[in-house]
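Engineer: Each residue of the sequence shown is one higher than the last, beginning at 4 in my numbering. Here a beta-carbon is modelled for each residue, glycine too, at the ideal position from N, C-alpha and C.
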Amino acid sequence: MRYFTKEYISAQLSDDEFDKRNCAYKDELLQILNIALPTVREFIANCNLHDGKINSIVSEKGKIETYFEYGDNQTGYHKIAVQFFNAITDYNSCVKLPFEILYYEYSYKEKYSLNFINKNFIEWGIQFSGINIIKL
């Protein structure tokens, strides 16, 4: 994670540094949205994974299918499966499921990246070229 680090989460940053990181991430996210494929743009814009959870991950050659639960009382709760194509992950057996997402962030460098961190500061991510969203 580049922006939502252990220091960010545990409030070890000055107010100024905290604000700078938030602004920098918003700027990066806008750049990604400007170049994103329509399905990726939809996922970023419509799926607020903060405080959500990942219930399962199924990995096949080049495809990773991830089952998310997210939402709140105001927006409602949602369950989706996301198929990540041309995908790789650093997910491993040390990451216990369900994985509660404290923060997540997107980046783009040749491929899209979606990285997660939980309250225990366990981080992992998925790099991918495209996605398919299945509402459950």
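Can you tell me the Cα-Cα spacing of residue 80 and residue 58, whole angstroms?
Structural biologist: Answer to the nearest angstrom: the Cα atoms are 14 angstroms apart.
Engineer: For the stretch 63-76 against the stretch 88-96, are there 3 or more C-beta pairs whose distance is under 8 angstroms?
Structural biologist: Because the criterion of three Cβ pairs below 8 angstroms is met, the stretch 63-76 and the stretch 88-96 touch.
Engineer: Per DSSP, what kind of secondary structure is residue 61 in: helix, strand or coil?
Structural biologist: Three-state result, residue 61: strand.
Engineer: Alpha carbon to alpha carbon, how far is residue 114 from residue 78? Give it in angstroms, no decimals.
Structural biologist: Going by the C-alpha atoms only, they are around 30 angstroms apart.
Engineer: Output the distance between the C-alpha atoms of residue 92 and residue 30, rounded to the nearest integer angstrom.
Structural biologist: Their Cα atoms are separated by approximately 25 angstroms.
Engineer: Could you tell me the alpha carbon to alpha carbon distance between residue 20 and residue 60, rounded to whole angstroms?
Structural biologist: Near 34 angstroms, if we compare the C-alpha coordinates of residue 60 and residue 20.
Engineer: Name the residue from 134, 120, 18 whose alpha carbon lies nearest to the alpha carbon of residue 52.
Structural biologist: Residue 52 has its Cα closest to that of 120, out of 134, 120, 18.
Engineer: How would you label residue 130, buried or exposed, when you count the other beta carbons within 10 angstroms and need 16 or more for buried?
Structural biologist: Counting Cβ neighbours within 10 Å, residue 130 comes out buried, since at least 16 surround it.
Engineer: Short check: CB of residue 109 to CB of residue 32, under 8 angstroms?
Structural biologist: Yes; because the gap between Cβ atoms is below 8 angstroms, this pair is in contact.
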